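As given, the protein sequences belong to chains A and B, one line each in that order.
Just so we're aligned: the first sequence equals residues 310 to 1099 in my numbering.
Just so we're aligned: the second sequence equals residues 614 to 902 in my numbering.
Below is one structure, written out as structure tokens; comments come after it.
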Amino acid sequence: MPENSILGSSPLRKEGRAKVLGEAKYVDDLSLPGMWFGATVRSTIARGKIRKITFSQDVNWSEYAIVTASDVPGENTIVHLTRDHPCLAAEQVNHPEEPILLLAHPDKKALLAATAGVHIDYEELPGVFTIEESEAAVENGDTERIIWPGSDAGGTANCFKQYLMYSADAKDTEQGLALAFENADYIVQGEYSTGAQEQLYIENNGVIAECNKDADGRVTDVCVRGSMQCPYYLVHALTLVFGLPEEKCRVIQTETGGAFGGKEDFPSVIGSHAALLAMKCGHPVKITYDRAEDMAATTKRHPSRTRHRTAVSKDGKLLGGTIEFAIDGGAYATLSPVVLSRGTIHAPGPYKWPYLRVRAKAMATNVPPHGAFRGFGAPQSLFALERHMDKVAKVVGLTPEELRRRNFLSTGDCTATGQPLNDPVDMQKLLTRALEEHGYHEKLKRFAEENKHSSIKRGVGFATFMHGAGFTGSGERRLNSLVHVEVNADGRPNLLVSSTEFGQGTNTILCQVAAQALSLPYENISIAQPDTRVVPNSGPTVASRTAMIVGKLVERACKKLLTTLQDYASLPPQHTPGEFRKAAGFYVAEHGSLRSSVRYEPVKPIFWDDELYRGDAYPAYAWAVYVAEVAVDLNTYMATVTRFDALQEVGKVMHPVLAKGQVEGGVAQGIGYALYEKCVWKNGRMLNNQMTNYIMPTSADLPPIHVHFEEVPSAHGPGGAKGIGELPMDGPAPAILNAIENATGVAFHSIPLLPEDLFERFASFTERAHGGSEELDGSIDRDTRTEVDA
Amino acid sequence: MRSDVTQFELTAPATLTEVLRRLADNPGRHTVLAGGTELMVALNTGRLATHSFLSIQHLRELRFIRETPDTIQIGAGATFTDIRGSKIICAELPLLAQSASWTGSVANQNRGTLGGNICNASPAADTPPALLAYDANVTLISAASMRELPYRDFHLGYKRTAMRSDELLHTITLPRIYAGHRQYIRKVGTRNAQAISKVALAAIALVEAGRIIDIRVGAASLADRPLRCTAAETVLIGQTIGGEGMEALVRKARAALAGEAEPIDDIRSTAKYRIAVGANLLEEFLRSL
Ligand SMILES: Cc1cc2nc3c(=O)[nH]c(=O)nc-3n(C[C@H](O)[C@H](O)[C@H](O)COP(=O)(O)OP(=O)(O)OC[C@H]3O[C@@H](n4cnc5c(N)ncnc54)[C@H](O)[C@@H]3O)c2cc1C
């Protein structure tokens, strides 16, 4: 790396100035001439047939555009991996808040009375609301409760997808497992579960759609702009809903106020809806959800249940294990199969398993579809594993540290999918450093002493884990991402990618990569606002792939551009910005334009077998050790994280300030996941869809978060970078619950772990609790009564 | 926004007299609006029942903090920020200053008023436990009359108060007798800021020669209204702190509190938790005496 390297420094964010000055325009700031406003009429029940829709006499319906399923010109589906998910429910609803009918009006206020004036009559059907209920329906052959029929994409009744993953040949592994359990000194079992989590981006979902028609009233093209992560996903959805070719479905990403996965799949829904309304009323239509609608009706993290059974020798060696991993997918398949896949592949963690079987499934329930959320299945299965490792250690009589040290993967080993770790991996060193940075050993001793005399019990715990960067297995090859770098007449390079900025730093790091590769100042590089008419499909902005995969493409495109200029415009090998400008100007004058395009190619050959679920699961992994210190107050049963250390090896750190921000934010989100954020459900409906009672931690609840990096450059990313975005979501929850066990001696297996849950376990140790005969009814709120609903 | 604001009427009469006249002319028709931090939430969620509002936010005659030789008088229009920032309240009524400081956010505190906090009559509100512990009086005013009553008699049930529909809360009066008292307050919210109480306890006690000669305890979220814990007080008054009987006393006090509390399970917590933690806080207070 050159000395004054721009990669590894922390230049100002490209869009930072506009955001700080309030000039950045989010979708709710935008207006198009003649624009109308849209609203969604949603199901009030979890599951049932739609018998009749009636319209109140009190509303002048001639002023409104009304869209139902029968208005959909193409296919009534929101396409993801299968086509089970209707754009608008036609005959049956399968979850509360399912969209049934759309309304638009020039005056936003007029939508309130109108939405209330649509009455829908249902014939209710029984619903299933948990993984267990969904399984039971299948096991008991309860056809009434088979809520999802199966699919031609590997789904069976009530089950969207299953995976069976072996650490080697299936038969050999089964034999090995049988032997391992027979010869084990200990067999350790455990069941772990995690709850749903709301992404809680600051900006709710919102879009504006336009629609053009020909003289016969047929739709010729649509355009949707809005808050989103993956413009080409929405293009794909629109092509089906409207029966139009890709180039007739234009999508523009507007400034996006946070996403965390919550704007990966969902914009396909709201975007299609707005476009249908625009088609119907002949005006641009804006739909923005308010917080309550966004929380109640859009996707959340999949709840999960993991069962571990592990054979261990008395010296703490893992001999074999089985992992049963199940997630709750909600009412439609959406992205559940891929979330399940990532969860499955991360389930074995950073350990050597001589014999391992992972059986995984995504079950259907009558709740709004769960979707993408930072970590994408990995936080769920890693929570289970890292709690289980502490349990195994306890049973064997080793420290959590020693048990892990005896089983870590290291360079040259193969992961459970059979992927050889050719790049250097040193979990031993990471663990040593993380514990040292935290003062772990000293605290372990000190707290054990202090806790004897205090009603505040302190403890420390940690989790060791990894996160794969990029799409799983053959995913990147299938995506076949494309990027362009063009040089404008003024000699300034402009990056054309569909990768989106939503607060995490895409614009900035990709411009850094280009500046580095082109030997130009960062300020000279610009990046286009993603507009599918202008930018190529460089894949979705998900899966910790932007820095590593798209960054590498940008790097390659820039190098190719330099070669072109060196070959055809006499650019010297070591150029100044002036020489670059001159050469580019010369080339543009000669050829009309200057553009360099590259497509994804694996840096090294990647082998993946989708059938056997074996091979190179990810091009590269980030490795991490997270350490939590907690205080549990036995007067209030509140557990508070009092210090957090996050050490990770993510390859080259491209932008230290942004990288640190990603980790701090992820840890905060992980603390929320572990100790605060609980979705309260009743018959599939989220009851606490307000920020006052969906408890996200505030800055007053967060500890000092110390972020540390090890840098081991990777061949897969630009300048050696790997992915970082999702990793920090994986470690906090198990580290915190491990620390709580250390503090109190009590093991907890489920998150979110609220004070009420701690209380239930500790009540017997303190004064007996009195009263409390009332059943828990989450619909009651004595303070505001605002949640009381029919 | 789930309300159509054009369907609401908001008037800002120039004087308090004018507000009271309008309330008297059409009892029950108007709702007074102080900081609006409670009412605007209801407006946003589309659950605001009344449609005519009289603003009292601008009325200077309701926004004051005064001292007399025996009392501190706080106008219903005093904001949480006014209260936190008042030297005399910080010095003499620290529980009130403390509760104001952890109400909502700083923005809430700049607009929200003490009067609104009391009249909204939420069992979870932050200042009532302190006002109960300090044995406040409230002055209610109408076009026809002015009356003063002990604050402990103000809350009649869930969101029901002793205030008539033609009345306003004018002043909250607190005695200046707490210099020698031990004082305790703790809020157990859903998180450390921007939180509604799951349970909160405010208490004062005067201990002389090891005996409790004065004690008052107020609690939030332990009943359908802010609760003055008289049963626990009765158990404790006159008792000796420390010494042999302490463990028994703590147990009796906990039991008394548990007996008079009637919390519920709701979206924020459970009844069992509320009672146990309420008792833990009381114990924490007693052990600090
Ligand atoms: C984000 C947020 C966080 C909050 N956090 C907290 C918290 O932590 N703790 C807490 O206790 N509260 C909290 N609240 C609630 C609210 O801020 C307080 O209850 C505040 O004290 C209300 O005062 P206000 O002046 O804004 O009342 P308003 O909203 O104006 O009125 C509230 C009620 O009181 C009546 N009223 C007001 N003044 C008088 C008067 N002088 N005479 C008769 N009736 C009157 C009104 O008619 C109305 O019914 C929060 C609110 C929000 C929006």
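Note that CB positions come from ideal geometry on N, CA and C, so glycine has one too.
Quick caveat: nothing in here was measured; it's all calculated off a predicted structure.
Identity of the residue in the options nearest residue i by Cα
{"i": "LEU547(A)", "options": "ARG527(A), LEU585(A), ASP525(A), SER476(A)", "result": "LEU585(A)"}
{"i": "ILE1004(A)", "options": "PHE895(A), VAL851(A), GLN506(A), ALA518(A)", "result": "GLN506(A)"}
{"i": "ILE790(B)", "options": "THR883(B), ARG829(B), ALA822(B)", "result": "ARG829(B)"}
{"i": "VAL936(A)", "options": "PRO395(A), ASP599(A), HIS1017(A)", "result": "HIS1017(A)"}
{"i": "GLY652(A)", "options": "PRO659(A), PHE634(A), CYS820(A)", "result": "PHE634(A)"}
{"i": "PRO912(A)", "options": "LEU1067(A), LEU880(A), TYR877(A), GLY1028(A)", "result": "Position check: residue 912(A) holds Val in this sequence, whereas Pro was assumed. Checked all of LEU1067(A), LEU880(A), TYR877(A), GLY1028(A); the closest Cα to VAL912(A) is GLY1028(A)."}
{"i": "MET614(B)", "options": "ALA725(A), ARG714(A), ILE1014(A), THR597(A)", "result": "THR597(A)"}
{"i": "LEU628(B)", "options": "ARG673(B), THR658(B), PRO640(B)", "result": "Sequence check: residue 628(B) is Thr here, not Leu. Selected option, being the one with the closest Cα: ARG673(B)."}
{"i": "THR855(A)", "options": "PHE771(A), TYR831(A), SER790(A), PHE916(A)", "result": "SER790(A)"}
{"i": "LEU268(A)", "options": "ASP919(A), ARG356(A), GLN728(A)", "result": "Nothing can be reported for residue 268(A): it is not among the residues displayed for chain A, which extend from 310 to 1099."}
{"i": "LEU675(B)", "options": "MET653(B), LEU781(B), ALA738(B), ALA775(B)", "result": "LEU781(B)"}
{"i": "LEU984(A)", "options": "GLU910(A), GLU1065(A), PRO928(A), GLU958(A)", "result": "GLU1065(A)"}
{"i": "GLY860(A)", "options": "ARG904(A), LYS961(A), PHE916(A), VAL544(A)", "result": "LYS961(A)"}
{"i": "ARG773(B)", "options": "ALA844(B), ASN733(B), ALA869(B), ASP779(B)", "result": "ASN733(B)"}
{"i": "THR708(A)", "options": "LEU862(A), ASP337(A), SER906(A), ASN1047(A)", "result": "ASN1047(A)"}
Heavy atom of ligand 1 within 7 angstroms of residue i beta-carbon
{"i": "LEU814(B)", "result": "no"}
{"i": "MET604(A)", "result": "no"}
{"i": "MET776(B)", "result": "yes"}
{"i": "GLU407(A)", "result": "no"}
{"i": "CYS732(B)", "result": "yes"}
{"i": "ASP779(B)", "result": "no"}
{"i": "ASN721(B)", "result": "yes"}
{"i": "ARG724(B)", "result": "yes"}
{"i": "ALA738(B)", "result": "yes"}
{"i": "SER808(A)", "result": "no"}
{"i": "GLN807(B)", "result": "yes"}
{"i": "LEU652(B)", "result": "yes"}
{"i": "LEU672(B)", "result": "no"}
{"i": "THR631(A)", "result": "no"}
{"i": "ILE511(A)", "result": "no"}
{"i": "LEU782(B)", "result": "yes"}
{"i": "ALA710(B)", "result": "no"}
Near ligand 2: residue i beta-carbon under 7 angstroms from a heavy atom
{"i": "ALA647(B)", "result": "Ligand 2 is absent from the structure shown, which contains only ligand 1."}
Task: the region 401 to 433 of chain A: positions lying closer than 7 angstroms to chain B by Cβ - done: LYS418, LEU421
Task: Length-filtered (4 minimum) alpha helix (DSSP H) runs lying within the region 721 to 806 of chain A - done: 736 to 747, 749 to 759, 784 to 788
Task: Cβ pair count under 8 angstroms reaching 3, the region 966 to 975 of chain A against the region 1031 to 1042 of chain A - done: yes
TODO: Could you name each continuous alpha helix (DSSP H) segment of 4 residues or more that falls completely within the region 567 to 623 of chain A, going from the start of the chain to the end?
DONE: 576 to 590, 600 to 606
Open item on the list: Please give me, in chain order, every unbroken run of the alpha helix (DSSP H) with length at least 4 that falls completely inside the region 993 to 1046 of chain A.
Closed with: 1036 to 1039
- [ ] Could you tell me whether the region 988 to 1003 of chain A touches the region 864 to 883 of chain B, using the rule of 3 or more Cβ pairs below 8 angstroms?
- [x] yes
TODO: Count the CB pairs spanning the region 360 to 378 of chain A and the region 558 to 570 of chain A that are closer than 8 angstroms, and state whether there are at least three.
DONE: no
TODO: Flag this pair as touching only if the region 754 to 765 of chain B and the region 697 to 717 of chain B have three or more C-beta atom pairs under 8 angstroms; answer yes or no.
DONE: no
Task: Contact set between the region 968 to 988 of chain A and chain B, restricted to residues whose Cβ is under 7 angstroms from the partner - done: TYR985
Task: Near-chain B residues of the region 1059 to 1070 of chain A - C-beta to any C-beta below 9 angstroms - done: LEU1063, PRO1064, GLU1065, PHE1068, GLU1069
Task: Length-filtered (3 minimum) beta strand (DSSP E) runs lying within the region 488 to 543 of chain A - done: 495 to 503, 515 to 522, 528 to 535
- [ ] Pull out every residue of the region 991 to 1008 of chain A whose Cβ sits closer than 9 angstroms to any Cβ of chain B, in chain order.
- [x] LEU996, ASN997, GLN999, MET1000, THR1001, ASN1002, ILE1004, MET1005, PRO1006, THR1007, SER1008
- [ ] Counting only runs of 4+ residues fully inside the region 687 to 746 of chain B, write out the alpha helix (DSSP H) ranges in chain order.
- [x] 693 to 698, 700 to 705, 707 to 714, 719 to 724, 727 to 732, 740 to 746
Open item on the list: Please list, in chain order, the residues of the region 792 to 808 of chain B that have any C-beta partner in chain A closer than 7 angstroms.
Closed with: VAL801, THR803, ARG804, ASN805, ALA806, GLN807
Open item on the list: Can you pull out the residues from the region 595 to 625 of chain A whose beta carbon lies closer than 8 angstroms to at least one beta carbon of chain B?
Closed with: ASP599, ALA601
- [ ] Could you run through the region 875 to 887 of chain B and flag, in chain order, every residue whose CB is less than 7 angstroms away from some CB of chain A?
- [x] ILE877, ASP878, ASP879, ILE880, ARG881, SER882, THR883, ALA884, LYS885, TYR886
TODO: Identify every run of the beta strand (DSSP E) within the region 391 to 443 of chain A, keeping only runs that are complete inside it and at least 3 residues long; order them along the chain.
DONE: 408 to 414, 427 to 433
Open item on the list: By the 7 angstroms beta-carbon criterion, what residues does the region 715 to 726 of chain B contribute toward chain A?
Closed with: none
Open item on the list: Is it the case that the region 1047 to 1056 of chain A contacts the region 507 to 517 of chain A, given that we only count it when at least three CB pairs across the two stretches are under 8 angstroms?
Closed with: no
Task: Those runs of the beta strand (DSSP E) which lie wholly inside the region 868 to 949 of chain A and span at least 3 residues - done: 903 to 908, 929 to 942
Open item on the list: So if I threshold CB-CB distances at 7 angstroms, which residues from the region 334 to 358 of chain A count as touching chain B?
Closed with: none
- [ ] Mind the definition here: the region 331 to 350 of chain A touches the region 416 to 423 of chain A only if three or more C-beta pairs lie below 8 angstroms; say whether that holds.
- [x] yes
Open item on the list: To be precise: take each residue of the region 822 to 854 of chain B, compare its Cβ to all Cβ atoms of chain A, and keep it if any distance is under 9 angstroms. Which residues remain?
Closed with: SER834, ASP837
Open item on the list: Between the region 440 to 452 of chain A and the region 685 to 696 of chain A, can you find at least three pairs of beta-carbon atoms closer than 8 angstroms?
Closed with: no
- [ ] Select from the region 1035 to 1054 of chain A all residues with a C-beta closer than 8 angstroms to any C-beta belonging to chain B, and list them in chain order.
- [x] none
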